[in-house]
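Undergrad: Dumping the structure here so I can ask a few things about it.
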Amino acid sequence: MGIGRELMKNKWLYAMSLPVVVYVFIFSYLPMSAHLLAFKLFIPVKGLWGSRWVGLDNLKFFFAGPDWLGVTLNTIFLNLLFMAAGTVCSLAIALLLNEIRLVYFKKVTQSLVILPHFISIVVVNLMVVNFFNGQDGLINRMLGRVGVDPVYWFQTPSVWPWLLALIFVWKGAGWGSIIYLATLTGFSEEYYESARIDGARSWQMIRHITLPLLRPTIIVLTLLALGRIFYGDFGLIYGIIGDNSLLYHSTDVIDTYTYRSLRSTNMNSYSNAAAVGLFQSVMGLVTILFFNWAVRRVDNDSKLF
Amino acid sequence: MRFGRKRFWLAAALSVVLAAALAACGSNGKSPPSEDSKSSASKDTQLKPVTLKILFPGDPPANWDEVKAEMEKRMAGTLNVKLNAVFIPWSDVRQKRQVALSSAEDYDLIWDNDPAQNIAAGLYEPLDDLIGRYGPDIQAVRSPELMEANKVNGKLYAVPLEVNFIRPWTFVIRQDIREKLGVKPIASYQELIDFMYLVKEKVPDITPYIPNGTEHIGLKLAGMLDPSANLAGVLSYPGLYTKGNDGKIYNLFDDPDPAIMSSFEQNHKLYQDGVLAKDALTLRNSEFAKGKAAVSTFNDFGINLSTRTALEKAVPGAKAEAFTLYKPDMKLSSTYKAGNFIAVPVVSRNKERAVQFLNWLNRKDNYDLLAYGIQGKNWEDAGEGLYKPSQDQPYAGIPFAWGWNSKLDRIDASLPEDVIALNKWERDPGNFTPDILTGFTFDPSPVANEAAQLANAGSEYYDPFVMGVTDPKEGLAKFKEAAYDNVKKVQAEVQKQLDAYLAAKKK
Amino acid sequence: MKTRLRDSSQLTVSVAAYVSIGAFALFCLIPFWLVYIGSFTAESQIVQGFRLFPTRFSIDAYRFLLQGAQIYRSGFVSIFVTVAGTAGAVLLTSMFAYVAAHPKVKYRYALSFYIYFTMLFPPGLVGYYLLISNWLDLRDSMLALLLPLLFSAFNSFLMTAYFRTLPFELNEAATADGAHELYIFFRIIWPISKPVIATIALFYALSYWNDWFNALMFIDNPHLHPLQMMLRRIVSNSQNLDYLNTNVNLPVSATSVQLSAVVLTIGPIVFLYPFLQRYFMKGMTIGAVKG
């Protein structure tokens with residue numbers, strides 16, 4: 001019904017989107033065929049198509065045991081924690097930076113808060129061990145100096161969700177604030193001028209002008225993150241927790257669990273991993289469809305699609 | 001919901017297009033490798049120059065380019081092989097090898113330290129015929145036990161690379177600390193424990209004992225303390241072990257072997273007394289090279305060169321020495337299983353040349369080149385079976401990845417005499433009796449799901465009490481609760497396959 | 001921009017802003033400082049743990065690194081891939097994001113979903129490897145570093161969100177004047193979108209600069225290794241520094257070489273930030289929007 005007409009009418013606009021449409025088809029949709037692996041007993045010599053169809057058997061290793069619920073809940077909890085902490089801190093940094101008038105102070109601090117984002121997880125891990133190890137870690141040495149008994153951090157699972165969130169914020173909040181800063185910069189100074197003339201205070205302006213203006217960006221970022229809520233942050237969590245089983249109880253996520261289960265048995269592990277990935281994706285799809293629907297009801301302009 | 005439906009149809013249409021496109025790609029993307037076996041079988045292609053692509057672990061050794069050039073020079077005009085060696089860092093080699101194999105990348109030779117799965121998946125070419133035709137030297141330098149024991153279902157899929165017939169390990173001790181404390185050289189396990197306690201007391205800023213994760217302590221320690229009991233783990237399955245060479249698989253819940261259990265108890269005591277590192281589960285023996293541990297554990301006999309030099313750099317004046325309970329007069333059994341292999345993937349287009357090249361490597365002069373570099377520059381002959389690496393330009397070759405065999409391999413003459421003696425002992429297959437497990441290869445696919453779950457339960461519940469971090473009795477009970485069924489299933493499957501293997505061997 | 005502090009509440013906000021930003025900046029700086037100092041610390045000291053100031057200062061680690069051939073090869077690869085990749089990526093993404101935000105485009109949400117779907121169903125490792133290595137045959141080619149990162153759905157959504165806030169009445173007027181869509185995009189939209197373009201450029205530049213995974217998977221030839229791959233090589237195997245191709249024989253510890261490599265690989269991209277920073281400073285671009 002009029003697709004052709006619509007395409008003709010805006011042919012230049014559609015033409016502008018064409019390179020990406022083609023690119024995404026090649027680089028994202030073509031390799032998606034490998035998701036077929038999830039339903040196959042993959043034997044490389046027989047290839048993707050020749051391997052035997054086994055349906056949902058590849059998920060058995062994940063669901064048969066008692067662990068899947070725990071790691072799924074951990075995944076959701078840690079992601080929510082990271083999202084909340086990350087969003088609040090990035091937003092706070094952006095708003096506070098926006099209040100700062102000393103140009104040099106602003107420039108320097110702005111550059112400093114993004115620094116941790118450049119440090120690779122290998123180095124972060126080195127530092128975490130240096131800070132928190134039980135025997136001669138920096139923190140325990142400092143505790144010792146003020147007469148407090150050392151805390152064996154690597155044996156205390158309850159603190160790690162918060163420590164991981166702290167590391168997440170340290171690493172990414174400054175970087176994340178760039179998005180908000182860029183958006184803030186686009187706002188017309190007029191809004192603020194008129195508010196100032198009306199005698200509005202700083203925090204009132206933040207609450208009634210800045211935050212509402214930032215709302216679409218916040219919603220988009222949150223929606224994007226929600227779609228991946230079943231995907232754990234493997235790089236960060238495995239990079240820091242590694243194989244320390246004493247901390248699994250609170251930090252093991254779907255991705256690390258799958259990785260550990262499959263690394264020693266590589267026969268069919270790509271199929272198993274693909275099956276778990278598909279599970280994560282489908283759950284993410286359900287989540288995002290729900291929230292996108294919810295957002296559409298509240299604020300139609302901010303919906304993702 | 002109008003929009004929703006439209007989106008659905010869009011997605012559906014896309015996936016149809018996608019499937020069609022993929023079908024096209026799939027059929028012409030991978031051409032079957034069958035044609036090459038015919039063409040390369042004819043003799044006249046033999047002298048055609050060929051470049052072999054080889055996958056190696058780690059980094060290229062210093063001076064690799066010169067060694068490679070020398071090899072190519074020696075082969076020019078005869079084998080006419082050029083080398084395209086791809087080195088993959090240790091941390092990534094397993095993943096990279098699997099994706100390369102899964103996507104049929106054009107390797108001709110692949111190093112593999114755990115080929116059972118890839119053989120079962122049909123990724124490696126059976127080599128019996130090719131070795132029969134082109135590999136007399138491959139066979140000549142390897143004992144028949146080694147060649148026989150590393151076959152799978154009666155066929156050899158990968159050339160076994162091994163010089164040692166047992167898997168020894170050793171304690172490594174800070175000699176300088178021992179001497180400072182006035183302790184005489186360690187001669188027994190009890191003296192070692194006493195030394196650790198003394199370090200705890202007298203040298204507070206160093207951790208007395210950091211073993212290499214759970215690799216050596218527990219089961220392996222029990223095995224070292226009483227070699228006649230013949231204790232060994234079953235592949236990497238936590239909770240299973242074999243003993244007494246009786247062809248039975250045991251589990252720790254139903255048959256808690258007292259020697260193993262007392263080893264766990266001792267670790268727990270060491271841990272509680274602050275002798276074993278508090279964060280032992282996250283630390284490895286690399287801490288020793290940083291000067292942070294007084295005692296650690298390493299594979300092999302003696303102290304490897306890199307650990308020695310790293311330690312001396314990190315802590316001026318530090319010295320390391322090795323202590324092991326193995327003695328050359330011990331009567332041990334061997335499964336003759338190799339720890340490294342080199343295989344020819346079925347997709348290789350140069351299978352014959354690859355085997356011819358391997359055969360070439362297994363000649364004395366060529367082996368010396370691949371293992372020790374240029375003679376006179378990188379190393380010197382130091383008598384039968386020995387060599388002396390050059391002081392300033394040693395060549396750290398990787399013989400284990402493509403040539404290792406006990407006939408041609410040399411021992412570093414600068415090692416202490418007792419370590420040389422131990423090395424000579426472990427290299428002679430005649431010093432060992434064949435283990436009942438010799439030649440047996442377990443196919444885990446019938447219990448793949450159970451094995452995957454067991455691997456996970458193992459790192460969560462088994463490792464902590466092996467490491468002594470939790471009480472062994474409590475830990476074992478918890479582990480049993482989490483993994484008993486899976487342990488039983490894997491145990492039963494290994495036993496079933498082993499019984500079938502032994503029955504077939506008798507006939 | 002002179003803003004007088006009008007009352008106590010304003011003052012509180014300002015003081016809070018200075019103090020908390022200052023504190024967070026310090027919190028971010030310290031670990032980096034430890035790495036930086038570590039890279040200058042003589043080899044025997046570093047194993048004792050990180051410290052705030054070195055007691056024995058040494059630049060041997062840098063001499064060791066900079067006299068090797070590998071860092072120059074890798075540096076060239078990294079810079080080339082980052083510059084070329086970012087330029088292409090920003091162009092493609094901005095065009096697409098603009099269309100996906102344009103109210104005149106009826107299927108803009110379908111386009112968004114087409115992109116979003118790929119975020120939900122990322123290709124698995126095998127599919128991705130097959131594509132780059134077998135179907136496109138990009139192994140050991142710089143294209144294997146360039147192409148995979150040329151478009152990011154996340155960045156595209158960020159841009160779309162920004163473009164949606166633009167006053168599209170502006171273009172209506174221009175279109176009515178008979179201006180071409182491409183003209184409108186490049187001459188009207190592009191100039192007023194500098195903050196978001198700068199942001200996206202920074203994001204792409206960083207993702208190119210920090211990428212090691214594609215190099216690990218597809219580049220076997222060390223001459224084509226980018227800096228991050230070089231770093232990974234010397235971090236993953238501290239015993240073997242031969243990879244760097246240095247002929248000088250200096251008594252350097254692996255740790256300080258690793259740390260100085262960290263510093264050298266972070267350096268250039270950190271300097272990119274202040275260069276783009278002006279686009280995030282208030283008051284640069286507002287004039288244009290008012291129209």
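Residue numbers (full-length UniProt numbering), protein chains in the order written: chain A, 1 to 305; chain B, 1 to 507; chain C, 1 to 291.
Ideal Cβ positions, reconstructed from N, Cα and C, are used throughout, including at glycine.
Being a predicted model, the structure only gives us computed values, none of them experimental.
Using a Cβ-Cβ cutoff of less than 6 Å, which residues in the same chain neighbour residue 509 of chain B once the five nearest sequence positions on both sides are dropped?
TA: There is simply no residue 509 of chain B to check, as chain B begins at 1 and stops at 507 in what is shown.
Undergrad: What does B/Q453 reach in chain A if we use C-beta pairs closer than 8 Å?
TA: Numbered from its first residue, the second sequence carries residue 453 of chain B at position 453. Simply F61, A64, G65, D67, S261.
Undergrad: Ignoring anything shorter than 3 residues, give me the beta strand (DSSP E) runs that lie fully in the segment 115-181 of chain A, in order along the chain.
TA: Counting whole runs of 3 or more residues, the segment 115-181 of chain A contains no beta strand (DSSP E) stretch at all.
Undergrad: Check whether the Cβ atoms of B/N245 and B/D435 lie closer than 8 Å to each other.
TA: Residue mapping note: residue 245 of chain B aligns to position 245 of the second sequence, counting from 1. Residue mapping note: residue 435 of chain B aligns to position 435 of the second sequence, counting from 1. Contact: yes.
Undergrad: Comparing C-alpha positions only, which one of A/V220, A/S250, A/A38, A/I100 sits nearest to C/V15?
TA: The residue labelled residue 15 of chain C in the question sits at position 15 within the third sequence. For the residues A/V220, A/S250, A/A38, A/I100, the minimum Cα distance to C/V15 belongs to A/I100.
Undergrad: On the premise that A/L91 lies in contact with A/Y180, defined as a C-beta separation below 8 Å, what is that separation, rounded to the nearest angstrom?
TA: Here the question's residue 180 of chain A lines up with position 180 in the first sequence. Here the question's residue 91 of chain A lines up with position 91 in the first sequence. With 8 Å as the limit, A/Y180 and A/L91 qualify as a contact, their Cβ atoms being about 6 Å apart.
Undergrad: Starting from B/G239 and walking both ways along the beta strand (DSSP E), at which residues does that stretch end?
TA: Position 239 of the second sequence holds residue 239 of chain B. Note, B/G239: beta strand (DSSP E), 237-242.
Undergrad: Considering B/K424, what are the terminal residues of the alpha helix (DSSP H) in which it resides?
TA: If you number the second sequence from 1, residue 424 of chain B lands on position 424. Residues 417-426.
Undergrad: Output yes or no for whether 8 Å exceeds the beta carbon distance between residue 509 of chain B and B/N230.
TA: Residue 509 of chain B is absent from the structure shown; chain B starts at 1 and stops at 507.
Undergrad: Among the candidates C/N210, C/F163, C/N221, whose CA atom is the shortest distance from the CA of C/S94?
TA: Reading the third sequence from its first residue, position 94 is the one you call residue 94 of chain C. Of C/N210, C/F163, C/N221, the residue nearest in Cα terms is C/F163.
Undergrad: State yes or no: is the C-beta of A/W160 within less than 8 Å of the C-beta of A/T251?
TA: Taking the first residue of the first sequence as 1, we reach residue 160 of chain A at position 160. Taking the first residue of the first sequence as 1, we reach residue 251 of chain A at position 251. Yes, these two residues count as a Cβ contact at 8 Å.
Undergrad: For B/L325, I'd like the list of residues in its chain whose CB is within less than 6 Å of its CB, leaving aside the five on either flank, ordered along the chain.
TA: The residue labelled residue 325 of chain B in the question sits at position 325 within the second sequence. Contacts found: M224.
Undergrad: Please state whether the Cβ-Cβ distance between A/L184 and A/N98 is less than 8 Å.
TA: Against the first sequence, residue 184 of chain A aligns to sequence position 184. Against the first sequence, residue 98 of chain A aligns to sequence position 98. Cβ distance < 8 Å, so A/L184 and A/N98 count as in contact.
Undergrad: Counting Cβ pairs, one atom from each stretch, are 3 or more of them under 8 Å apart for the segment 359-374 of chain B and the segment 171-183 of chain B?
TA: The segment 359-374 of chain B vs the segment 171-183 of chain B: no contact.
Undergrad: Show which residues of chain C have a CB atom less than 8 Å away from the CB atom of B/S103.
TA: Taking the first residue of the second sequence as 1, we reach residue 103 of chain B at position 103. The answer, in chain order, is V126, Y129, L130, S133, N134.
Undergrad: Restricting to Cα atoms, I'd like to know which of B/G154, B/L55, B/F87 is closest to B/Y501.
TA: Walking along the second sequence from the start, residue 501 of chain B turns up at place 501. When only C-alpha atoms are compared, the closest one is B/G154.
Undergrad: Which residues in chain A have a C-beta closer than 8 Å to the C-beta of B/A121? List them in chain order.
TA: In the second sequence, the residue the question calls residue 121 of chain B occupies position 121. By Cβ distance, chain A contributes I43, P44, V45, M267.
Undergrad: Find out if the Cβ-Cβ distance for the pair B/V50, B/N80 is shorter than 8 Å.
TA: Walking along the second sequence from the start, residue 50 of chain B turns up at place 50. Walking along the second sequence from the start, residue 80 of chain B turns up at place 80. Yes, the Cβ-Cβ distance between B/V50 and B/N80 is below 8 Å.
Undergrad: Which chain C residues sit within Cβ distance under 7 Å of A/N10?
TA: Your numbering for residue 10 of chain A matches position 10 in the first sequence. Result: K104, V105.
Undergrad: Could you say if the segment 149-169 of chain A and the segment 67-76 of chain C meet the contact criterion of at least three C-beta pairs nearer than 8 Å?
TA: These segments do not touch.
Undergrad: Is B/D59 close to chain C? Criterion is C-beta to C-beta, closer than 8 Å.
TA: Taking the second sequence and counting its residues from 1, the one referred to as residue 59 of chain B is at position 59. Yes, B/D59 counts as interfacial toward chain C.
Undergrad: Tell me the residue span of the beta strand (DSSP E) that contains B/P57.
TA: What you label residue 57 of chain B is simply residue 57 of the second sequence in a count that begins at 1. Run containing B/P57: 50-57, per the beta strand (DSSP E) assignment.
Undergrad: What does A/G242 touch in chain B if you count any residue whose Cβ is under 7 Å from its own?
TA: As a position in the first sequence, residue 242 of chain A is number 242, starting the count at 1. Chain B residues near A/G242: T282.
Undergrad: Consult DSSP for B/S296 and reduce its assignment to one of helix, strand or coil.
TA: The sequence position of residue 296 of chain B within the second sequence is 296, counting from 1. B/S296: strand per DSSP, three-state reduction.
Undergrad: Between the segment 227-257 of chain A and chain B, which residues of the former have a C-beta closer than 7 Å to a C-beta of the latter?
TA: Hits within the stretch, in order: G242, D243, N244, S245, L246, Y248, Y257.
Undergrad: C/L146 to C/F275, Cα distance in whole Å?
TA: For this step, residue 146 of chain C is matched to residue 146 along the third sequence. For this step, residue 275 of chain C is matched to residue 275 along the third sequence. Approximately 23 Å, taken between the alpha carbons.
Undergrad: Counting pairs of Cβ atoms below 8 Å between the segment 231-244 of chain A and the segment 138-148 of chain A, do you hit three or more?
TA: Because the criterion of three Cβ pairs below 8 Å is not met, the segment 231-244 of chain A and the segment 138-148 of chain A do not touch.
Undergrad: When the Cα atoms are used, what is the spatial distance from B/K290 to C/F53?
TA: Here the question's residue 290 of chain B lines up with position 290 in the second sequence. Here the question's residue 53 of chain C lines up with position 53 in the third sequence. Their Cα atoms are separated by approximately 20 Å.
Undergrad: Between which two residues does the beta strand (DSSP E) containing B/G302 stretch?
TA: For this step, residue 302 of chain B is matched to residue 302 along the second sequence. Here B/G302 belongs to no beta strand (DSSP E), and DSSP marks it neither H nor E.
Undergrad: Is the beta carbon of A/L59 closer than 8 Å to that of A/L48?
TA: Against the first sequence, residue 48 of chain A aligns to sequence position 48. Against the first sequence, residue 59 of chain A aligns to sequence position 59. No, the pair does not count as a contact, with Cβ atoms beyond the cut-off.
Undergrad: Look up C/R232 in the DSSP assignment and say whether it is helix, strand or coil.
TA: Start at 1 with the first residue of the third sequence, and residue 232 of chain C comes out as number 232. Of the three classes helix, strand and coil, the one that applies to C/R232 here is helix, per DSSP.
Undergrad: Rounded to whole angstroms, what is the Cα-Cα separation between A/P44 and A/S111?
TA: Locating residue 44 of chain A in the first sequence gives position 44, where the first residue counts as 1. Locating residue 111 of chain A in the first sequence gives position 111, where the first residue counts as 1. So the two alpha carbons sit approximately 48 Å from each other.
Undergrad: Strictly by DSSP, which residues pair up with B/Y124?
TA: On the second sequence, residue 124 of chain B is found 124 positions in, with the first residue counted as 1. B/Y124 is bridged to B/P345.
Undergrad: Count the C-beta pairs between the segment 202-219 of chain B and the segment 274-290 of chain B that are closer than 8 Å, then say yes if the count reaches three, no if not.
TA: Touching, per the Cβ criterion.
Undergrad: Between the alpha carbons of A/A195 and A/F279, how many angstroms are there, rounded?
TA: Residue mapping note: residue 195 of chain A aligns to position 195 of the first sequence, counting from 1. Residue mapping note: residue 279 of chain A aligns to position 279 of the first sequence, counting from 1. The straight-line gap from Cα to Cα measures roughly 50 Å.
Undergrad: Check whether chain C comes within 8 Å of A/R201, counting only Cβ atoms and requiring the distance to be less than that.
TA: Stepping through the first sequence from its first residue, residue 201 of chain A is reached at position 201. Yes, A/R201 lies at the interface with chain C (some Cβ there is under 8 Å from its Cβ).
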